[in-house]
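Visitor: Numbering (the working numbering), first residue to last: 7 to 258.
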Ligand SMILES: Cc1cc2nc3c(=O)[nH]c(=O)nc-3n(C[C@H](O)[C@H](O)[C@H](O)COP(=O)(O)OP(=O)(O)OC[C@H]3O[C@@H](n4cnc5c(N)ncnc54)[C@H](O)[C@@H]3O)c2cc1C
Ligand code: FES
């Protein structure tokens with residue numbers, strides 16, 4: 007079923023549920039969207055406020071959701087055959103420039119559920135003949151998300167854990183020098199998604215290396231369509247409409 011872009015939410019049945027780690031599940035829904043990686047949908051359940059979730063895939067729609075509070079916890083209780091109300095796609099996604107002269111190289115960097123939209127982006131980049139490197143970071147090995155999915159599609163993979171049991175000991179930024187040292191093609195852009203502190207740290211390293219960065223910014227959203235102003239960042243930018251993906255501005 008192709009769902010409309012109208013602002014009214016549509017109920018979509020859960021076709022499958024994949025348990026990703028102790029606190030994260032991916033919900034595969036019985037519907038598809040024409041959408042770009044980095045765009046999001048507003049998801050709603052009766053009795054709850056609707057909240058934004060990045061598209062982990064668009065055909066079929068996949069949402070990768072961490073159980074952290076009232077709505078996400080209620081979503082985690084759902085079973086196959088139950089419905090989630092969805093409206094979207096909303097916002098601006100990542101942009102993959104295509105230069106026919108040189109093979110481009112996208113370095114993708116994700117933490118937490120921010121890894122999920124980057125899998126969608128990696129698939130699109132590979133289809134556009136990009137070289138794709140992916141850095142996945144987590145506090146501990148059991149929290150690393152979608153590692154096998156990135157291996158399966160053929161992305162070069164670096165892992166970091168803060169406790170050091172798997173991959174590079176440290177934060178995602180600690181893997182960037184290794185990627186740059188080993189890359190046969192210098193990354194032509196970096197796309198990142200995760201907690202705000204991580205986004206700022208990644209952007210600082212990549213700006214110093216003169217590599218353009220696109221960040222997926224999070225903000226409190228209510229309407230998701232540019233009406234309520236609750237997601238304003240910087241000087242009049244609405245995260246739901248102008249973002250959530252922005253070229254990183256070092257001034258902000
Ligand atoms: C553009 C955008 C895309 C998003 N995409 C996703 C997504 O793909 N998957 C996803 O799970 N969430 C995503 N979120 C977050 C999501 O919209 C909700 O904020 C989240 O599910 C919590 O909602 P809640 O009602 O369950 O709990 P809330 O009451 O909103 O939060 C409960 C508590 O958990 C904290 N919290 C919120 N998120 C996290 C987190 N990730 N880790 C730890 N603590 C947290 C809150 O600060 C609060 O203290 C996205 C947000 C934005 C703005
Ligand atoms: S969420 Fe209402 S303006 Fe962005």
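Don't be surprised by glycine CBs; every beta carbon is placed ideally from N, CA and C. It should be emphasised that the depicted structure is a prediction, and the values quoted were computed from it without experimental measurement.
Check whether the segment 62 to 78 and the segment 29 to 39 are in contact - that is, three or more C-beta pairs closer than 8 Å.
Guide: These segments touch.
Visitor: So the candidates are 233, 189, 153 and 223; which of them puts its Cα closest to the Cα of residue 44?
Guide: Closest option to residue 44, Cα to Cα, is 223.
Visitor: Any chance the segment 149 to 168 sits against the segment 119 to 127, with 3 or more Cβ pairs inside 8 Å?
Guide: Yes: the two stretches touch, three or more of their Cβ pairs being nearer than 8 Å.
Visitor: Taking all protein chains shown into account, do 16 or more other C-beta atoms lie within 10 angstroms of the C-beta of residue 145, making it buried, or fewer, making it exposed?
Guide: With fewer than 16 Cβ atoms within 10 Å of its Cβ, residue 145 is classed as exposed.
Visitor: Following a CB-centred definition, is residue 235 positioned closer than 7 Å to any heavy atom of ligand 2?
Guide: Yes.
Visitor: Quick check on the DSSP output: the alpha helix (DSSP H) that includes residue 237 runs from which residue to which?
Guide: Neither: residue 237 is in no alpha helix (DSSP H) and is coded neither H nor E.
Visitor: So, under 8 Å CB-CB, residue 205 and residue 198 are touching, yes? Tell me the CB distance rounded to an integer number of Å.
Guide: About 6 Å; that satisfies the 8 Å criterion.
Visitor: If you compare alpha carbons, which of 180, 158 and 50 is closest to residue 165?
Guide: Of the listed residues, the one whose Cα sits closest to residue 165 is 180.
Visitor: For residue 17, write down the residues that DSSP places opposite it in a beta bridge.
Guide: Paired residue(s): 91.
Visitor: Counting pairs of beta carbons, one from the segment 166 to 178 and one from the segment 78 to 95, are three or more of them closer than 8 Å?
Guide: The segment 166 to 178 is not in contact with the segment 78 to 95.
Visitor: Looking at the structure shown, is residue 79 part of a helix, part of a strand, or coil, going by DSSP?
Guide: Three-state DSSP puts residue 79 in a helix.
Visitor: Would you mind working out which of 49, 201, 174 and 61 sits nearest residue 76, comparing C-alpha positions?
Guide: Ranking the options by Cα distance to residue 76, first place goes to 49.
Visitor: If residue 200 sits next to residue 116, beta carbons under 8 Å apart, how far is it from one beta carbon to the other, in whole angstroms?
Guide: Yes, residue 200 and residue 116 are in contact; Cβ-Cβ is about 6 Å, under 8 Å.
Visitor: Can we count residue 127 as close to ligand 1, meaning its CB is less than 7 Å from some heavy atom?
Guide: No.
Visitor: For a test of the three-state rule: what should DSSP assign to residue 41, helix, strand or coil?
Guide: In the structure shown, residue 41 sits in coil (DSSP, three-state: anything other than H, G, I, E or B).
Visitor: Going by beta carbon distance, what residues of the same chain come within less than 8 Å of residue 239, once the five residues before and after it are set aside?
Guide: Excluding residues within five positions, the ones whose Cβ falls inside 8 Å are 223, 225, 245, 249 and 258.
Visitor: Threshold first: 4 residues or longer. Then list the alpha helix (DSSP H) segments lying entirely within the segment 110 to 176, N to C.
Guide: Counting whole runs of 4 or more residues, the segment 110 to 176 contains the alpha helix (DSSP H) stretches 121 to 133 and 153 to 159.
Visitor: Please tell me whether residue 47 and residue 113 are closer than 8 Å, where the distance is taken between their beta carbons.
Guide: Contact flag unset, no.
Visitor: Tell me the DSSP secondary structure of residue 183 in three-state form.
Guide: If DSSP states are grouped into helix, strand and coil, residue 183 belongs with the helices.
Visitor: What are the boundary residues of the alpha helix (DSSP H) that includes residue 227?
Guide: Looking at the DSSP string, residue 227 is not in any alpha helix (DSSP H), and its letter there is neither H nor E.
Visitor: Nearest to residue 53 by CA position, among 143, 80, 100 and 131, is which residue?
Guide: With distances taken between Cα atoms, residue 53 lies closest to 80.
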